[in-house]
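Asks:
2 protein chains.
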Amino acid sequence: MRKIPKILVVDDDPDIVEILRYNLSLAGYEVKSASNGKECIKKAKLFLPQIILLDVMMPEMDGIEACSLLQKIPSLVNTRVIFLSARNEEYTQLSAFDAGADDYISKPVKPKILLKKITSIIKRINAVNKHEDIIKLDNIIIDRNKFLIIKNDVEIYLPKKEFELLFLLASQPGNVFTRDQIMNKVWGSEIIVGDRTIDVHIRKLREKIGDLCFKTIKGVGYKFIQ
Amino acid sequence: MRKIPKILVVDDDPDIVEILRYNLSLAGYEVKSASNGKECIKKAKLFLPQIILLDVMMPEMDGIEACSLLQKIPSLVNTRVIFLSARNEEYTQLSAFDAGADDYISKPVKPKILLKKITSIIKRINAVNKHEDIIKLDNIIIDRNKFLIIKNDVEIYLPKKEFELLFLLASQPGNVFTRDQIMNKVWGSEIIVGDRTIDVHIRKLREKIGDLCFKTIKGVGYKFIQ
DNA sequence: TCATTTATTAACAATTACTTAATCTTAATG
DNA sequence: CATTAAGATTAAGTAATTGTTAATAAATGA
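Those protein sequence lines, which keep their order, are chains A and B. All the letters of the first sequence, read from the start, carry residue numbers 294 to 519 under my numbering. All the letters of the second sequence, read from the start, carry residue numbers 294 to 519 under my numbering.
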């Protein structure tokens, strides 16, 4: 179910890249590499790794600068940057953190410890994205395991699509979901259905759950309000 | 608005506790301390810190054991454990990570680097679920996720174009946006509409948000003022 | 299989938003 | 202080989006 974590290794020394690649691949990660900052940025955008292992001193563009640029790429907000460097001066470390580093490890790297750190980071990332299967709000409980809604102590059963739609909207009460987002999350990106399909489902929900719970934001989408 | 991050310092050496407490307090964190693993568990449950700085070797209960126990406490799932230790053997570090550590720093600790690491962790914790799409000014909040304006505690819904226009202007209060800039950002470069369209939208905003908020710079454009 | 429920579509109605055009006001300039 | 150019205002027309209903298709379950 869970995707294989992706790691981008960036170092101008091919030997180090190879050692890291070997160890990380063996541990079950998907690894790609780059040999300088510029290449790092380019590959990171395409590869969207969970973790980037970044050397400091490299030709073309150093690690610190690359890290700063990485922070500005929206699709990489969840990517962690770990510096691996032989440079051990305090000011280098400090500027690495200023540039957005998540960690700074001095070379020589001990593979076992690096792997443990990576495991620990991946664990944290996954823990965050683990979605709750029960939404409890003031007067409504939405239980995805039972496909059951309890509103004011009354049980309501909904058909699948209606349930998914409600579940999505209620997952962030007050926040607008665009029609595109709804389409993608409830129907999936492959399935294409007509424009009015969402409206009709919203209408059914309004009938069953209450008109006032669903606010239309014209030109944008819908939101669930308590 | 955001809560002050809480840190629990755990070490049996009162001097180290004091140094850390001093530095962390100065940096604006709320600090509590414990002097062994048992006390750590007890205080962590009550204090619910974001971060625990944990020594390895302590009387009563060592850091590794404490860390293992901390992992089992549901209210502390989001608490990060950073080991600070004079013991530098690889196997100690490995067992720390196995016990659920998020990081392992060797003593002597460099306060500046520790602070940077903590900042970086806190940033990550706060970054979750946050999409920086909210503009908060003195008496107006513009929330793009909710497509909602809150002015003096009153909710105001705006149509899409008006919302986008306000959002743009308020993104840099006091700065003038030219008609061209507004056109490009709100309408897009392909769409061509007449000159008076912006005026009309500004007028609607003046009606709804307040006349004084929008200053016309003749021959240039508009700016949002607080 | 058949009955029933659920999902989707199509047609049209209703609503809301956007733009324009015509007119009025204001501010700057010589 | 008259002129002019830019902006403000208003109402009305146009466009776009959403709501509703009913019919049909697809899925589900006995």
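No residue lacks a Cβ here, since even glycine has one placed at the ideal position from N, Cα and C. In this text the structure is predicted, and so the values were computed from the model without any measurement.
Say whether chain A places a C-beta atom closer than 8 Å to the C-beta of Gln386/B.
Replies: Looking up residue 386/B in the second sequence gives position 93. Answer yes: the Cβ-Cβ gap between Gln386/B and chain A drops below 8 Å somewhere.
Asks: Closer than 7 Å by beta-carbon distance: list the chain B residues that pair up with Lys403/A, in chain order.
Replies: Taking the first residue of the first sequence as 1, we reach residue 403/A at position 110. Ordered by position in chain B, the residues that pass the 7 Å Cβ test against Lys403/A are Glu383.
Asks: At a CB-CB cut-off below 7 Å, which residues of chain B make contact with Ile428/A?
Replies: Position 135 of the first sequence, counting from 1, holds the residue named residue 428/A. Residues of chain B passing the Cβ test: none, with the nearest at roughly 15 Å.
Asks: Ignore the nearest five residues each way along the sequence and tell me which others in Leu317/B's own chain have a CB closer than 6 Å to its CB.
Replies: Residue numbering aside, residue 317/B sits at position 24 when the second sequence is read from its first letter. Same-chain partners within the cutoff: Ile300 and Val324.
Asks: Please look up how many angstroms separate the CB atoms of Lys439/B and Gly514/A, rounded, as I've assumed it's under 8 Å.
Replies: For the purposes of this step, residue 439/B is taken as the residue at position 146 of the second sequence. For the purposes of this step, residue 514/A is taken as the residue at position 221 of the first sequence. Actually they are not in contact, since the Cβ atoms of Lys439/B and Gly514/A sit about 11 Å apart, beyond 8 Å.
Asks: Suppose you measure from the CA of Ile411/B to the CA of Arg437/B; what does that come to, to the nearest Å?
Replies: Position 118 of the second sequence, counting from 1, holds the residue named residue 411/B. Position 144 of the second sequence, counting from 1, holds the residue named residue 437/B. Using only the alpha carbons, I get a separation of about 30 Å.
Asks: Can you grab the Cα-Cα spacing for the pair Leu462/B / Cys506/B, in whole Å?
Replies: Here residue 462/B refers to the residue found at position 169 when the second sequence is read from its first residue. Here residue 506/B refers to the residue found at position 213 when the second sequence is read from its first residue. Cα to Cα, Leu462/B sits roughly 10 Å from Cys506/B.
Asks: Report the three-state DSSP secondary structure of Ile324/B (helix, strand or coil).
Replies: Translated into positions along the second sequence, residue 324/B becomes position 31. Sequence inspection shows Val at residue 324/B; the Ile mentioned does not correspond to that position. Val324/B: strand per DSSP, three-state reduction.
Asks: Quick check on Gly356/A: buried or exposed, where buried means 16 or more other Cβ atoms within 10 Å of its Cβ?
Replies: Counting from 1 along the first sequence, the entry for residue 356/A is found at position 63. Result: buried.
Asks: Between Arg472/A and the rest of its own chain, which residues show a CB-CB distance below 7 Å, the 5 nearest in sequence each way excluded?
Replies: The residue given as residue 472/A occupies position 179 in the first sequence. Excluding positions up to five away in sequence, the list reads Ile491 and Gly514.
Asks: Report the three-state DSSP secondary structure of Leu346/A (helix, strand or coil).
Replies: Counting from one through the first sequence, the residue named residue 346/A turns up at place 53. Correct three-state label for Leu346/A: strand.
Asks: If Ile375/A and Asp396/A are in contact, beta carbons under 8 Å, what's the gap, nearest whole angstrom?
Replies: Counting from 1 along the first sequence, the entry for residue 375/A is found at position 82. Counting from 1 along the first sequence, the entry for residue 396/A is found at position 103. Right, their Cβ atoms sit about 4 Å apart.
Asks: Helix, strand or coil for Val303/A, going by three-state DSSP, please let me know.
Replies: Numbered from its first residue, the first sequence carries residue 303/A at position 10. Val303/A: strand per DSSP, three-state reduction.
Asks: Could you round the C-beta distance between Gln386/A and Ile406/B to whole angstroms and report it? I think they count as a contact, below 8 Å.
Replies: By one-based count along the first sequence, residue 386/A stands at place 93. By one-based count along the second sequence, residue 406/B stands at place 113. The Cβ separation is near 5 Å, so the contact holds.
Asks: Just grab the DSSP bridge partners of Glu448/A for me.
Replies: The residue given as residue 448/A occupies position 155 in the first sequence. Beta-bridge pairing links Glu448/A to Ile443/A.
Asks: Name the two residues that bound the continuous alpha helix (DSSP H) containing Arg373/A.
Replies: Reading the first sequence from its first residue, position 80 is the one you call residue 373/A. Counting along the chain, Arg373/A falls outside any alpha helix (DSSP H), though it belongs to the beta strand (DSSP E) covering Arg373 to Ser378.
Asks: Buried or exposed, going by whether 16 or more other CB atoms sit within 10 Å of the CB of Ile475/B?
Replies: Translated into positions along the second sequence, residue 475/B becomes position 182. Counting Cβ neighbours within 10 Å, Ile475/B comes out buried, since at least 16 surround it.
Asks: Tell me which same chain residues have a C-beta within less than 6 Å of the C-beta of Ile398/A, skipping the five on either side of it?
Replies: In the first sequence, residue 398/A corresponds to position 105, counting from 1. Here the set comprises Leu377.
Asks: Using 10 angstroms around the beta-carbon of Ala308/B, count the other beta-carbons present and answer buried if the total reaches 16, otherwise exposed.
Replies: Reading the second sequence from its first residue, position 15 is the one you call residue 308/B. Per the sequence presented here, residue 308/B reads as Asp, with Ala not at that position. Answer is exposed; the Cβ neighbour count stays below 16.
Asks: Do Ala320/A and Leu408/A count as a contact pair if the criterion is CB distance below 8 Å?
Replies: Numbered from its first residue, the first sequence carries residue 408/A at position 115. Numbered from its first residue, the first sequence carries residue 320/A at position 27. Yes. Within cutoff.
Asks: State the Cα-Cα distance for the pair Glu383/B and Ala359/A, rounded to the nearest angstrom.
Replies: Counting from 1 along the second sequence, the entry for residue 383/B is found at position 90. Counting from 1 along the first sequence, the entry for residue 359/A is found at position 66. Straight-line Cα distance between these residues: approximately 31 Å.
Asks: Looking at the structure shown, is Gly467/A part of a helix, part of a strand, or coil, going by DSSP?
Replies: Your numbering for residue 467/A matches position 174 in the first sequence. Three-state result, Gly467/A: coil.
Asks: Anything in chain A within Cβ reach of Pro547/B, meaning under 8 Å, just list it in chain order.
Replies: A query on residue 547/B cannot be resolved here, the shown segment of chain B reaching from 294 to 519 and no further.
Asks: Using DSSP with H/G/I as helix, E/B as strand and the rest coil, what is Lys429/A?
Replies: Here residue 429/A is taken as the residue at index 136 of the first sequence, counted from 1. Correct three-state label for Lys429/A: strand.
Asks: Which of helix, strand or coil does DSSP assign to Ser482/A?
Replies: As a position in the first sequence, residue 482/A is number 189, starting the count at 1. Coil.
Asks: Taking Lys335/A as part of the alpha helix (DSSP H), name the residues at either end of that continuous run.
Replies: On the first sequence, position 42 is the one that residue 335/A refers to. Gly330 to Phe340 is the extent of the alpha helix (DSSP H) around Lys335/A.
Asks: Between the Cα of Asp431/B and the Cα atoms of Asp446/B, Glu332/B and Trp480/B, which residue gives the shortest distance?
Replies: Walking along the second sequence from the start, residue 431/B turns up at place 138. Asp431/B has its Cα closest to that of Asp446/B, out of Asp446/B, Glu332/B and Trp480/B.
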